[in-house]
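Sequential numbering of the sequence shown, starting at 17, is according to this note's numbering. All residues carry an ideal CB built from backbone N, CA and C; glycine is no exception. Below is one structure, written out as structure tokens, with a few remarks after it.
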Amino acid sequence: MLANEHDITQALISGIDNASAAEKNISELLTHIFKHAAPHKAVVVFDTRCELASALTQAYRHCLPDAHFVDFDKHTPDAVLAVLAGLEASDLVVLIQSTNFRLEAFRIRVELFKRGLKVIEHPHLSRMVGVEVGYYIDALAYDPVYFRGVGERLKAIINQAQSGCIDSGGNEFPEARLMIGSAFESAKLNVGDYSEMQNIGGQFPIGEVFTEARDLEAVNGRVRIFAFGDTQYRVNRPDNPITLIVERGQVVATEDSTPQFDAVLANIRADEQVVWLREIGFGLNRAFSRDRAVSDIGSYERMCGVHLSLGAKHGVYGKPNFKRGDGKYHIDVFAVTERVTLDEQVVYLDGAWCVGLE
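Structure (structure tokens):
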């Protein structure tokens with residue numbers, strides 16, 4: 017009985033801590049990123065099907081007391097769209113989704129952006145339970161000096177670099193080096209600075225700089241991964257890292273694989289014949305790490321470290337031999353990251369980015 021009482025007490029304390037952190041972090045997002053203020057309106061479309069969705073909804077009620085709140089499960093899609101139709105450019109829409117709202121044929125965020133609306137999207141929240149609720153809320157914290165400073169500096173270095181190396185083995189596995197023998201595509205930022213972008217907002221949490229090799233076939237070597245997106249779009253963390261063997265930009269073999277990862281590779285090969293390695297993502301969000309993981313792949317890809325994508329699909333960077341729309345797969349995998357170098361400069365070491373805050 018005492019153990020149960022202790023567990024209940026700890027859960028109550030955790031809930032209070034999460035609520036306080038959610039209010040603080042969301043207030044910072046609204047202030048520093050979105051600069052939301054009267055006379056602009058706000059609409060929050062939410063559901064209460066999971067703990068995290070309920071926690072975020074309460075936090076937005078605190079931070080946006082004048083907003084129009086719409087319970088998705090108590091209104092028809094047409095009724096929800098009618099509320100959104102009353103907004104004007106630079107108004108704010110928040111989407112708090114235990115799964116993913118289906119309001120019309122197209123992705124609702126894209127349609128809202130076309131109208132000049134600011135959008136904060138929190139999808140697939142039901143995938144995160146227990147301690148992951150707190151991890152997700154922590155990841156909403158926004159430090160503009162860190163995110164923008166590190167992000168801009170990394171982008172500048174990437175855009176000048178002619179080669180790179182991802183060391184995923186350290187001294188224990190010295191052969192685990194992924195060599196990028198090519199310049200990089202122009203790096204893209206997701207750091208909460210929309211001043212030079214057409215659209216304001218997107219999926220949260222944020223914190224990422226991404227690119228890919230300009231010459232995909234110039235990527236060779238071995239990389240150890242500790243997690244990957246499985247066939248259910250969840251983060252799968254095997255007991256031991258899996259080694260990918262990459263030749264001319266393609267995964268040609270693995271070591272220490274699992275049936276779940278084999279299924280991912282088999283799906284890609286069935287539809288695309290080969291497994292290309294495309295995106296090179298530098299995650300900046302320090303609330304997520306190898307030990308502090310959440311189950312939703314779209315959230316966890318902001319993890320502080322390196323993620324890569326498997327499959328031919330990448331809508332941002334066109335390539336001569338890739339027709340837009342041909343690729344079906346873009347599967348995130350997360351590298352054990354001991355060190356990252358661009359040309360001769362070390363940009364990641366000891367679990368942190370070491371640029372941008374000098």
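Between the CA atoms of GLY265 and VAL291 - distance to the nearest angstrom: Straight through space, the alpha carbons of GLY265 and VAL291 are spaced by roughly 8 Å.
Three-pair Cβ contact test at 8 Å for the segment 325 to 338 versus the segment 145 to 165: The segment 325 to 338 vs the segment 145 to 165: no contact.
Through-space distance from ASP107 to GLN26, alpha-carbon basis: Residue placement at GLN26 is flagged as unreliable, the pLDDT there being 45, under the threshold of 50; the coordinate-derived value follows with that caveat. Their backbone Cα atoms lie some 39 Å apart in a straight line.
Complete alpha helix (DSSP H) runs within the segment 22 to 99 (minimum length 4 residues, chain order): Counting only runs of 4 or more, we get 67 to 79.
Span of the alpha helix (DSSP H), counted from its first residue to its last, around SER273: Counting along the chain, SER273 falls outside any alpha helix (DSSP H), and DSSP gives it neither H nor E.
Buried/exposed call for GLY102, threshold 16 Cβ in 10 Å: exposed
VAL352 (DSSP reduced to helix, strand or coil): coil
Separation of ASN116 from ILE241, as counted between CA atoms: 28 Å
DSSP state of ILE173 mapped onto helix, strand, coil: helix
Through-space distance from GLY367 to LYS51, alpha-carbon basis: 32 Å
Close Cβ partners of TYR249 (< 6 Å) along its chain, the five nearest in sequence each way excluded: ILE313
At least 3 beta-carbon pairs within less than 8 Å: the segment 161 to 180 vs the segment 126 to 139: No, the segment 161 to 180 does not touch the segment 126 to 139.
Selection from ALA279, GLY237, ALA53, ASP89 that minimises the alpha carbon distance to ALA83: ALA53
Of the residues ASN283, PRO93, PHE226, the one placed nearest PHE200, counting alpha carbons only: PHE226
Own chain, CB closer than 6 Å to GLY217, minus 5 neighbours either side, in chain order: Contacts found: LYS134, VAL135, ILE136.
DSSP beta-bridge partners of GLU263: GLN266
Classification of PRO336 by the beta-carbon crowding that lies within 10 angstroms, buried from 16 upward: exposed
Cβ contact check for the segment 300 to 316 and the segment 145 to 152: 3 or more pairs under 8 Å: yes
Cβ-Cβ separation, LEU260 to VAL251 (assumed contact under 8 Å), whole Å: Not confirmed; about 17 Å, so no contact.
One or two residues paired with VAL109 in a DSSP bridge: Paired residues: VAL59, VAL135.
Buried versus exposed, by CB contacts within 10 Å (16 or more), ALA279: exposed
Interface flag, PHE220 vs chain C, CB-CB below 8 Å: No chain C is part of this structure, which consists of one protein chain only.
The segment 287 to 304 contacting the segment 315 to 324, beta-carbon criterion three pairs below 8 Å: yes
Proximity winner among ARG302, LYS40, ILE347, LEU170, relative to LEU205 (alpha-carbon distances): Residue nearest to LEU205 within the set ARG302, LYS40, ILE347, LEU170 is LEU170 (criterion: CA-CA distance).
For ALA243 and TYR76, the rounded distance between their alpha carbons: Roughly 32 Å between the two C-alpha positions.
Proximity below 8 Å, CB of TYR364 to CB of VAL352: no
Outcome for MET319 when other beta-carbon atoms lying within 10 angstroms are tallied against a minimum of 16: buried
Nonlocal neighbours in the same chain, by C-beta distance under 7 Å from ILE49, ignoring five residues either side: TYR158, GLY208
Under the three-state DSSP convention, the category SER305 falls into: coil
Distance between LEU300 and VAL60 (C-alpha atoms, nearest Å): 27 Å
Within 8 Å, strictly: CB atoms of GLN113 and LEU141: yes
Enclosing alpha helix (DSSP H) for SER315 [first to last residue]: For SER315, the enclosing alpha helix (DSSP H) covers residues 313 to 316.
DSSP bridge partner residues for ILE153 (one or two, in chain order): DSSP, once it has assigned bridges, lists no residue as partnering ILE153.
For ASN256 and GLY167, the rounded distance between their alpha carbons: A direct Cα-Cα distance of roughly 31 Å separates GLY167 from ASN256.
C-beta contact flag for LEU281 and VAL235 at 8 Å: no
Cβ neighbours of TYR316 in the same chain (closer than 7 Å, five flanking residues each side left out): VAL251, PHE304, ALA309, VAL310
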